[in-house]
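If you read the sequences in order, they're chains A and B.
All the letters of the first sequence, read from the start, carry residue numbers 17 to 230 under the working numbering.
All the letters of the second sequence, read from the start, carry residue numbers 17 to 230 under the working numbering.
There are 2 protein chains.
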Amino acid sequence: MSEAADNLAPIEAKAGYHHGDLHQQLINAVHTLVEEKGADGFSVAEAARKAGVSSAAPYRHFKDKDAILRAAVLDAMEKMRAAMEAVMAPHPVGSPEAVNALGQHYIDFARERPGMFRLMFGITRSEESDCAVADKGSEVFGIVIKAVADYMGISADDPEARRRAYILWTVVHGHSWLTIDGKADQQKIDFPEPELLQAVSKGVLGRPTSASDH
Amino acid sequence: MSEAADNLAPIEAKAGYHHGDLHQQLINAVHTLVEEKGADGFSVAEAARKAGVSSAAPYRHFKDKDAILRAAVLDAMEKMRAAMEAVMAPHPVGSPEAVNALGQHYIDFARERPGMFRLMFGITRSEESDCAVADKGSEVFGIVIKAVADYMGISADDPEARRRAYILWTVVHGHSWLTIDGKADQQKIDFPEPELLQAVSKGVLGRPTSASDH
DNA sequence: AAACAATGTTATAGATACTTACTTCAATCC
DNA sequence: GGATTGAAGTAAGTATCTATAACATTGTTT
Numbered sequence: 017m018s019e020a021a022d023n024l025a026p027i028e029a030k031a032g033y034h035h036g037d038l039h040q041q042l043i044n045a046v047h048t049l050v051e052e053k054g055a056d057g058f059s060v061a062e063a064a065r066k067a068g069v070s071s072a073a074p075y076r077h078f079k080d081k082d083a084i085l086r087a088a089v090l091d092a093m094e095k096m097r098a099a100m101e102a103v104m105a106p107h108p109v110g111s112p113e114a115v116n117a118l119g120q121h122y123i124d125f126a127r128e129r130p131g132m133f134r135l136m137f138g139i140t141r142s143e144e145s146d147c148a149v150a151d152k153g154s155e156v157f158g159i160v161i162k163a164v165a166d167y168m169g170i171s172a173d174d175p176e177a178r179r180r181a182y183i184l185w186t187v188v189h190g191h192s193w194l195t196i197d198g199k200a201d202q203q204k205i206d207f208p209e210p211e212l213l214q215a216v217s218k219g220v221l222g223r224p225t226s227a228s229d230h
Numbered sequence: 017m018s019e020a021a022d023n024l025a026p027i028e029a030k031a032g033y034h035h036g037d038l039h040q041q042l043i044n045a046v047h048t049l050v051e052e053k054g055a056d057g058f059s060v061a062e063a064a065r066k067a068g069v070s071s072a073a074p075y076r077h078f079k080d081k082d083a084i085l086r087a088a089v090l091d092a093m094e095k096m097r098a099a100m101e102a103v104m105a106p107h108p109v110g111s112p113e114a115v116n117a118l119g120q121h122y123i124d125f126a127r128e129r130p131g132m133f134r135l136m137f138g139i140t141r142s143e144e145s146d147c148a149v150a151d152k153g154s155e156v157f158g159i160v161i162k163a164v165a166d167y168m169g170i171s172a173d174d175p176e177a178r179r180r181a182y183i184l185w186t187v188v189h190g191h192s193w194l195t196i197d198g199k200a201d202q203q204k205i206d207f208p209e210p211e212l213l214q215a216v217s218k219g220v221l222g223r224p225t226s227a228s229d230h
C-alpha cells in the first residue's frame, strides 16, 4: 500500500503565467478535496483556488465540473487497476491468497480514500455513459475473474467464473460501503476482514482445485 | 406519521395561509425529488416549490437542509423495516425462503428508489451521528439476524448469527449499489437474483437446520 | 378581546457554478 | 527583432441555492 504519493502529489501554485500542468493539478485537487470535503462537497472554485489560479481557469481544460470529476475517477481507476495487478503478483496463481489480496486491496482503497470511492460509485453523474470509465472497470473486473477462474481451475471464459467473481465483488463492495458509512461499526460487526474474505471465498468458490502448486 | 397515507402520496399545494401538513409534505417532496433529480440534486427551494410554499417556509419545520434529508431517510427506513417484517410473514420461520425474501426486498427497494437508497447510504452527511437513524438501522438488521439464526438453528445472540447475517448484508448491499450504478449491466452480469441469493445463502449459511419443515 | 404561538411571506446576504468579454503572455513568422 | 496569433488567465455577470431577518396571518390560550 504505497501511500499513493503520486496521486496526492503536493499541489504547488503555478510558476509563471502559464501554469504548465493545470490539467493534472486539477485532478490532484479533486483527489485532495474529495477527501477533505466529501464527494459531494467538491467545487470547481475551490479546486482552482487550491491550484493557485482563478475560478474560471479550469474551464480551459475541462468542459465542466463533471468532466473534471470523471477525469479524476478515471485516473483513480487506472491506479487501482495497476495496484490490483501488483498485490496479486507475490501470490501463486490460483492460490486463495491471490483472490483475497484483491478483495483486501479493494476494501483498503475504500477505507483510505472514501471520498474517491464515493465519487467512483456513489455519484449519479456520467449520464452520457462514460465509456472510458466503463472500460477501465472491465479491466479491473477482468483481473478478478481471472483470479477466480485460476482458483477454481476453470477457464476465465466460463460463465461460472464471472458469476462467482461477481459474488465476491458484491461482498467487498458492500463491505466497503458499509464500512465507510460507519454502518458496520454501528451494528457492532466484529469480523476481521481476512476472516470475512476467507469465509466468503471458501463458501462461494469452494476449495481450490488449481493444479498449479507453485 | 400514520397520517400520511403513503410516502409517495401526491403533493398538493396548501389550502389557506397555513399549509397544515407541510412537515410531511416536505418529506414526501424529498422522496419525489431525490428520484427525479438524483440524491445530490435535491434542493430545499425546489421542495418548497413542489409543496407550494415559499423557499423560507421549510425552515419553520427543519433546522436546515440536512435535517430534512435525515427526516426523509428515517421515514424511509421505518417503511423498510415494516416491509421486511411483511415479506417475511408468508414464509415459515427458519426457511430459506424467509431469508431470501429479505434480501430480495432490499434489492427491490434499491432498484425502485435508487435516489433514496443513495441518500440513505451514499451521502456523507449526518456527521452529528444521527442516533435515530442508527437505531432504526439496528432494528432492520435485527430482523436479518433473527432470520439467519432461525435458519441456522442457533440463537440470535450467537455471535455467529451476526457474522453470517452481515455477509448476507454485504452481498445484497453491494449488489444493490452495483445494480443502480449500472456496473452490473456494464460487466454483463447474467445472474438472476433468486439464483444469486440462493447461491449465497447456501454457501454462507449452509443447509437449513431448522426444525420447521415447510 | 387581547396576547401569544405557530406558521406562513417577502427581502436579502453570502456562496457557488458556469458563461462571456476582455487581457496577458510567449512562441512563431516575416 | 517586432508584429501576429492563439493559448492561458482574469474579471464581471447571471442564475440558483442556503439560510436568516423582519413582517404578516391565522389559531389558540388566557
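No residue lacks a Cβ here, since even glycine has one placed at the ideal position from N, Cα and C.
Per-residue contacts from B:G154 into chain A (C-beta, under 8 Å): Strictly speaking, residue 154 of chain B in this sequence is Ser, with Gly absent from that position. Chain A residues near B:S154: Q202, Q203.
Any chain A beta carbon closer than 7 Å to B:A29: Because the pLDDT of B:A29 is 49, which lies under 50, any placement of that residue in the model is unreliable, and the number read from its coordinates should be weighed accordingly. Cβ-Cβ to chain A under 7 Å: no for B:A29.
CB of B:V109 within 7 Å of CB of B:D166, strictly: yes
Heavy atom of the ligand NAP within 6 Å of B:K79 beta-carbon: This structure lacks the ligand NAP, and indeed carries no ligand of any kind.
Closer than 7 Å to chain A by CB, B:A20: Any reading at B:A20 needs caution, since the residue's pLDDT is 37, under 50, leaving its predicted position unreliable; the model's value is listed next. No, B:A20 does not count as interfacial toward chain A.
Close-in-space but distant-in-sequence residues of the same chain around A:F78 (CB under 6 Å, 5 per side omitted): I84
Alpha carbon of A:H107 to alpha carbon of A:A148, nearest angstrom: 30 Å
Supposed contact pair A:T186 and A:A126 - C-beta distance, whole angstroms, cut 8 Å: That pair is no contact at about 14 Å.
Nearest-angstrom Cβ-Cβ length linking B:A45 and B:I139, presumed shorter than 8 Å: With 8 Å as the limit, B:A45 and B:I139 do not qualify as a contact, their Cβ atoms being about 17 Å apart.
Interface residues of chain A facing B:A150 [CB-CB closer than 7 Å]: Q202
Cutoff 7 Å: A:H121 Cβ touching any chain B Cβ: no
Rounded Cβ spacing between B:L135 and B:V50 (contact assumed at less than 8 Å): 6 Å
Short Cβ contact (7 Å threshold) for B:K152 with B:M104: no
Any 3 or more C-beta pairs closer than 8 Å across the stretch 157-171 of chain B and the stretch 113-125 of chain A: no
Residue-level contact to chain A via CB, B:D173, 7 Å cutoff: no
Alpha carbon of A:A31 to alpha carbon of A:P130, nearest angstrom: Unreliable positioning characterises A:A31 in this predicted model, as indicated by a pLDDT of 42, which lies under 50. The coordinate reading is nonetheless provided below. If I take the Cα positions, the gap works out to 32 Å.
Under 8 Å from the C-beta of A:V220: neighbouring residues of chain B: A215, V216, G219, V220
Same chain only: Cβ atoms within 6 Å of B:Q202, ignoring 5 sequence neighbours per side: none
Interface flag, B:G190 vs chain A, CB-CB below 7 Å: yes
Where B:I161 falls: helix, strand or coil (DSSP): helix
Test: A:D197 CB closer than 7 Å to a CB of chain B: yes
Residue closest to B:F207, alpha-carbon to alpha-carbon, out of A:A87, A:F137, A:A64, A:Y182: A:Y182
Three-state secondary structure (DSSP) of B:F207: coil
Within-7 Å CB hit, A:Y167 to chain B: no
Test item: CB-CB of A:L42 and A:A67 under 7 Å: yes
A:H230 burial status per 10 Å Cβ neighbour count (16 or more: buried): Reliability fails at A:H230, whose pLDDT of 43 lies under 50, so the model's placement of it is uncertain and the value that follows must be treated cautiously. Result: exposed.
Cβ-based burial, B:R180 [other Cβ within 10 Å; buried from 16]: buried
Residue environment, B:G222, which counts as buried when at least 16 other CB atoms sit within 10 Å: exposed
Limits of the unbroken alpha helix (DSSP H) element including A:V50: 38-52
Euclidean distance between Cα positions of B:A117 and A:A117: 32 Å
Neighbour-count burial assignment, B:A102, 16 or more Cβ in a 10 Å radius: exposed
Backbone CA spacing between B:A150 and B:E209 [nearest angstrom]: 28 Å
Environment of B:K204 [buried if 16+ CB atoms lie within 10 Å]: exposed
Beta-carbon gap between B:D37 and B:R86 smaller than 7 Å: no
Alpha-carbon spacing of A:E113 relative to A:Q214, whole angstroms: 9 Å
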